[in-house]
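S.K.: So the sequences go chain by chain: A and B.
Note that this note's numbering has the first sequence beginning at 13, numbered continuously upward.
Note that this note's numbering has the second sequence beginning at 315, numbered continuously upward.
Glycine included, each C-beta is placed from N, C-alpha and C at the ideal position.
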Amino acid sequence: MNRDFSFSIGTDVPFNRVSPKYGLKEVLATMIIVVPLLVVGLVLAIVFTAEAPWLHIIWIAVLVYGIAAPIVILRQAKAIGYAERADDLLIRRGIMFHKATVVPYGRLQFVDVDAGPVDRMFGLATVKLHTASAATDATIPGLPRAEADRLRDSLAGLGRANMAGL
Amino acid sequence: MDEGSPPAEAAPEVWHRVHPLTPILESLGVLVGIFIAAAYGLQNFFQSAVEDLASGRSVNLTFADWLRGHPLVILAVVGGIVLVLLLTAFFSWLAWRVMGYRIDAEAIYYRRGVLSKKLRKARLDRVQSIDLQQKLLPRLLGMAELVFDVAGGTDSNISLKYLSKRRAEELRDELLNAVRAKKRQGTATQAKDRSSGGEAATGEESAPAHGAAAPASGPVAAIPSATVGHQAEEPSGAGETAEGIDRSIPERRDDSLGVRLTKRLGAMADGVSAEAESGLNDLLAPYRLAPSIGREGEIIRVPVHRVVIASLLKTETLVSIAVVVLVVISAIVLLAFGVKEAFIPMLVGVLPGVFAAFSVFKKNLDNANFVVRLDENGLAVSHGLFSTSRKVIPLDRLQAVCLHQPLLWRWAGWWQAEYNIASAGGSKDSNLLLPVGDVEQALLMVGLALPDPQLPDDIAADALVRSAMYDRRSSDPQAPAAEMLFHSQPRSSRILDPLVWKRRAYALTGSMLVLRLGALERRVDFVPHVRVQSLRYHQGPLMRALGLGTVAVHSTAGPIDPRVTHQSEDEAKRFFTEHAERTRIARLRYDDAAKTAKEDER
């Protein structure tokens, strides 16, 4: 499973992948919701199997989703890439929906590093870049904590050096 | 800081009171409501009396008889009214006593509230603009309010109300001087100041606004805005602008023409002269426009009747009128067929629609008497039918501009111009550059708001804009050459954009991106390269099947959301990478111009 799912954006810069643990973390986060749903659906279906046999459809649907979602999520996680170029940060993601965002360092307002409870279990963090535009949706999820901190500091430094368009 | 120091500076704890009529003006709405309710009750009584008289019956005076029997009731009612008035007066007086403002060397403070006390603080060096606003009632009484726009999120305005008009004007001038002095002083110590620049835009508002970044980042601390703080101010240029434009940086090629003009006019004592006109004509030469400057620097005046007709012809007005007419007609038809029950509910149901249409219309009327003046601060705009508000268009903070033509305006050849601005407070602020105007006026305003397009010599700027406005129907002699600059959408996009695929196109000039949009409601977006925030390429499965891609060009929040839609995949990707490079070079050039200017000064 080491295929490259990502699309080409037209520049031949090497993209960094996010941590391989990120896919597992996302799968776990999905399972936390799917597994209880499956159990509840299964129990209900078995209890009321005489009155409402169609209840079986629900847990089967949840099971199908539970099997399909991890495959999609793992592939999506592999497709996320980011490249620190000389003057801007390039992020790309998506298999079905190709998305690429370029954020010039000179446009950075501030940088968030965010780590939820599940993130912390895996030692991961999300870096989010903010510009003056609310439309900028530049998020790099699933970075190892050390890498996230390094990226944040480096972006802050580059932002200062590239202060532009005053 | 010397000549323009506000009066309160000597004694910093002096609170100035606002005009004594303020609480009454503010509660006038309630009083009017009570009055209307009372009038309504009386009117019912009189109406039935009149009807009784008309139909020859004896007037039903049971209520009057009953009143005569109980004279105390009248006394109680009158006493009650007097009591309410006295109480209102007393509480108004209490409220007035605590209302006040204070100005010291650092900030403006405004306090109010008897029970829940409110204190707002705006740092002088964060004040973006000071507007004098006169609503109908205050204007009748010769009063005005001063609105301070402070850089920051929404609703970060301080509104000082009410002052006598003369006092408001004096205070405004004093404060403008103080703010300017403060900012000049601030530029000197910028390096130090900027690191703390993120804090306290408005004392009250800053905490949540500033804190928004930190809690969201959870346990790992975000970079405090202060670290990248100097950029936090960058798009708003807050360090430099009060009402006016920073003249310490000389004209740059990528400054909007209005900014360049203002910088040229800076040295002049009085704003209006032959020099201003020649400067204007000189700068607008690419647009082949020769606007004349009228009395008091007036360059554009939109007459009331044009605003009225234009707002009637707007699509949203027409749609609501059509709906109302349709419902009324169907109600009448139903009535004709003998269905009586539906008639009244249908008419009642249509009322909100009428009110909505009316309120939209009223809002549009607010733009009547729209006058644009050229003065030493840039473009000063005043508008309003019954009440006048004035403001200065912050030309150096404009991020994107658009021209827009509702379907029926085509008949008159009118256009509307709007802009995106870097995060100024006050969400209620309109972003209008021109509410309605002919092509020449639209070209003039757009030209002033945008940098020199930097086109090849054989294409005039107005030929390009006309091509963008009227697509291939432009009658300009240079239209064929200008049309060559436009990249239209490939044929495969006709499935996604059946109506507009032929019209939609983008053009690149040396200084900006021009987007031609909208088949029925024509629209043209302009985004200067130096103002682009970030870019995003997008392709969904359907678009991939058709070999298309879209690139969004991120600007600040506002009416303009520029997108280069549904170009062929390769073209979209090339635009994405090349535009990133193009905007980078534009920014570099823009900064270098400022840097060399600052070094020359030293």
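Would you mind working out which of A:21, A:23, A:36, A:28 sits nearest residue 135 of chain A, comparing C-alpha positions?
M.R.: Here residue 135 of chain A refers to the residue found at position 123 when the first sequence is read from its first residue. Selected option, being the one with the closest Cα: A:36.
S.K.: Less than 6 Å between C-beta atoms, sequence neighbours within five positions excluded: which residues of the same chain meet that for residue 699 of chain B?
M.R.: Here residue 699 of chain B refers to the residue found at position 385 of the second sequence. 679, 682.
S.K.: Beta carbon of residue 868 of chain B, beta carbon of residue 881 of chain B: below 7 Å?
M.R.: Locating residue 868 of chain B in the second sequence gives position 554, where the first residue counts as 1. Locating residue 881 of chain B in the second sequence gives position 567, where the first residue counts as 1. Contact flag unset, no.
S.K.: Quick check: is the beta carbon of residue 354 of chain B nearer than 7 Å to any beta carbon in chain A?
M.R.: As a working mapping, residue 354 of chain B is identified with position 40 in the second sequence. With 7 Å as the cut-off, residue 354 of chain B does not count as an interface residue toward chain A.
S.K.: Quick one: Cα of residue 658 of chain B to Cα of residue 629 of chain B, how far?
M.R.: Mapped onto the second sequence, residue 658 of chain B falls at position 344. Mapped onto the second sequence, residue 629 of chain B falls at position 315. Computed Cα separation, rounded: 28 Å.
S.K.: Determine, using beta carbons only, whether residue 627 of chain B comes closer than 7 Å to chain A.
M.R.: For this step, residue 627 of chain B is matched to residue 313 along the second sequence. Closer than 7 Å: no.
S.K.: Do the CB positions of residue 104 of chain A and residue 21 of chain A come within less than 7 Å of each other?
M.R.: Working through the first sequence from its first residue, we reach residue 104 of chain A at position 92. Working through the first sequence from its first residue, we reach residue 21 of chain A at position 9. Yes, the Cβ-Cβ distance between residue 104 of chain A and residue 21 of chain A is below 7 Å.
S.K.: Tell me whether the region 851 to 862 of chain B and the region 817 to 824 of chain B touch, counting them as touching only if at least three CB pairs, one residue from each stretch, are closer than 8 Å.
M.R.: Output reads no: the region 817 to 824 of chain B does not touch the region 851 to 862 of chain B.
S.K.: For residue 56 of chain A, I'd like the list of residues in its chain whose CB is within less than 7 Å of its CB, leaving aside the five on either flank, ordered along the chain.
M.R.: Translated into the one-based positions of the first sequence, residue 56 of chain A becomes position 44. Contacts found: 67.
S.K.: In its own chain, which residues sit with a C-beta less than 6 Å from the C-beta of residue 568 of chain B, not counting the 5 before and 5 after it?
M.R.: Looking up residue 568 of chain B in the second sequence gives position 254. Answer for residue 568 of chain B: 765, 825, 844, 904, listed in chain order.
S.K.: Going along the chain, which unbroken runs of the beta strand (DSSP E) with 3 or more residues stay wholly within the region 827 to 858 of chain B?
M.R.: Runs found: 836 to 842, 849 to 853.
S.K.: Say whether chain A places a C-beta atom closer than 7 Å to the C-beta of residue 848 of chain B.
M.R.: Here residue 848 of chain B corresponds to residue number 534 of the second sequence, with the count starting at 1. Residue 848 of chain B counts as touching chain A.
S.K.: Label residue 874 of chain B either buried or exposed according to how many other C-beta atoms from any shown protein chain fall within 10 Å of its C-beta, with 16 as the threshold for buried.
M.R.: The residue given as residue 874 of chain B occupies position 560 in the second sequence. Residue 874 of chain B should be labelled buried.
S.K.: So, helix, strand or coil for residue 335 of chain B, using DSSP?
M.R.: Counting from one through the second sequence, the residue named residue 335 of chain B turns up at place 21. In this structure, residue 335 of chain B counts as coil in the three-state DSSP scheme.
S.K.: Taking only the alpha-carbon atoms, compute the straight-line gap between residue 651 of chain B and residue 725 of chain B and give it to the nearest angstrom.
M.R.: Your numbering for residue 651 of chain B matches position 337 in the second sequence. Your numbering for residue 725 of chain B matches position 411 in the second sequence. Spanning the two alpha carbons is a distance of roughly 39 Å.
S.K.: According to the Cβ coordinates, are residue 830 of chain B and residue 838 of chain B closer than 7 Å?
M.R.: As a first step, residue 830 of chain B is located in the second sequence; it is residue number 516 there, counting from the start. As a first step, residue 838 of chain B is located in the second sequence; it is residue number 524 there, counting from the start. It is a contact, given that the beta carbons lie within the stated cut-off.
S.K.: Using the Cα positions of residue 793 of chain B and residue 780 of chain B, report the straight-line distance between them to the nearest angstrom.
M.R.: In the second sequence, counting from the first residue as 1, residue 793 of chain B sits at position 479. In the second sequence, counting from the first residue as 1, residue 780 of chain B sits at position 466. So the two alpha carbons sit approximately 8 Å from each other.
S.K.: Going by C-alpha to C-alpha distance, which of B:593, B:609, B:611 sits closest to residue 603 of chain B?
M.R.: The residue you call residue 603 of chain B lines up with position 289 of the second sequence. For the residues B:593, B:609, B:611, the minimum Cα distance to residue 603 of chain B belongs to B:593.
S.K.: Quick one: residues in its chain with C-beta nearer than 6 Å to the C-beta of residue 897 of chain B, no 5 flanking neighbours on either side, listed in chain order?
M.R.: Along the second sequence, one-based indexing puts residue 897 of chain B at 583. 843, 846.
S.K.: DSSP beta-bridge partners for residue 156 of chain A?
M.R.: As a working mapping, residue 156 of chain A is identified with position 144 in the first sequence. According to DSSP, which records beta bridges pairwise, residue 156 of chain A is partnered with A:136.
S.K.: Just to make sure I have the definition right: I need the residues of chain B whose C-beta is within less than 9 Å of the C-beta of residue 146 of chain A. Which are they?
M.R.: Along the first sequence, one-based indexing puts residue 146 of chain A at 134. Residues of chain B passing the Cβ test: 868, 870, 871.
S.K.: Just mark residue 383 of chain B as buried or exposed, buried being the case when its beta carbon has 16 or more other beta carbons within 10 Å.
M.R.: Counting from 1 along the second sequence, the entry for residue 383 of chain B is found at position 69. When all chains shown are included, residue 383 of chain B counts as exposed.
S.K.: State yes or no: is the C-beta of residue 896 of chain B nearer than 6 Å to some heavy atom of the ligand MG?
M.R.: Among the ligands in the structure shown, none appear at all, so the ligand MG cannot be discussed.
S.K.: Measure the alpha-carbon distance for residue 99 of chain A versus residue 891 of chain B and round it to whole angstroms.
M.R.: Counting from 1 along the first sequence, the entry for residue 99 of chain A is found at position 87. Counting from 1 along the second sequence, the entry for residue 891 of chain B is found at position 577. Near 12 Å, if we compare the C-alpha coordinates of residue 891 of chain B and residue 99 of chain A.
S.K.: Write down every uninterrupted run of the beta strand (DSSP E) in the region 19 to 63 of chain A whose length is 3 residues or greater and which is fully enclosed by it, in chain order.
M.R.: You should have found no qualifying run.
S.K.: Report all residues from its chain with a CB closer than 6 Å to the CB of residue 95 of chain A; omit the five preceding and five following residues, and keep chain order.
M.R.: Locating residue 95 of chain A in the first sequence gives position 83, where the first residue counts as 1. Correct list, in chain order: 25, 27, 102.
S.K.: Consider the Cβ of residue 134 of chain A: report whether some Cβ of chain B lies at a distance smaller than 7 Å.
M.R.: For the purposes of this step, residue 134 of chain A is taken as the residue at position 122 of the first sequence. Chain B, which has no Cβ nearer than 7 Å to the Cβ of residue 134 of chain A, makes this no.
S.K.: Comparing C-alpha positions only, which one of A:139, A:119, A:120 sits nearest to residue 128 of chain A?
M.R.: Here residue 128 of chain A refers to the residue found at position 116 of the first sequence. Checking every option, the nearest Cα to that of residue 128 of chain A belongs to A:139.
S.K.: Anyone know if the C-beta pair for residue 790 of chain B and residue 777 of chain B falls short of 7 Å?
M.R.: By 1-based counting over the second sequence, the position of residue 790 of chain B is 476. By 1-based counting over the second sequence, the position of residue 777 of chain B is 463. Result yes, Cβ atoms of residue 790 of chain B and residue 777 of chain B sit closer than 7 Å.
S.K.: Please confirm if residue 179 of chain A has its CB atom under 7 Å from at least one CB of chain B.
M.R.: Because chain A in this structure spans residues 13 to 178, residue 179 of chain A falls outside the shown range and cannot be described.
S.K.: Runs of 3 residues minimum, wholly inside the region 865 to 910 of chain B: which ones carry the beta strand (DSSP E) assignment?
M.R.: Counting whole runs of 3 or more residues, the region 865 to 910 of chain B contains the beta strand (DSSP E) stretches 877 to 882.
S.K.: Would you kindly report the start and end of the unbroken beta strand (DSSP E) that includes residue 121 of chain A?
M.R.: Here residue 121 of chain A is taken as the residue at index 109 of the first sequence, counted from 1. Premise fails: residue 121 of chain A is in no beta strand (DSSP E) and is neither H nor E.
S.K.: Between which two residues does the alpha helix (DSSP H) holding residue 797 of chain B run?
M.R.: For the purposes of this step, residue 797 of chain B is identified with residue 483 of the second sequence, where counting begins at 1. First-last of the alpha helix (DSSP H) with residue 797 of chain B: 793 to 797.
S.K.: According to DSSP, what are the bridge partners of residue 726 of chain B?
M.R.: On the second sequence, position 412 is the one that residue 726 of chain B refers to. Answer is none; residue 726 of chain B lacks a bridge partner.
S.K.: Classify residue 378 of chain B: buried if its beta carbon has 16 or more other beta carbons within 10 angstroms, exposed otherwise.
M.R.: In the second sequence, residue 378 of chain B corresponds to position 64, counting from 1. Flag for residue 378 of chain B reads exposed.
S.K.: Between residue 823 of chain B and chain A, is there a C-beta pair that is closer than 7 Å?
M.R.: Position 509 of the second sequence, counting from 1, holds the residue named residue 823 of chain B. Not an interface residue.
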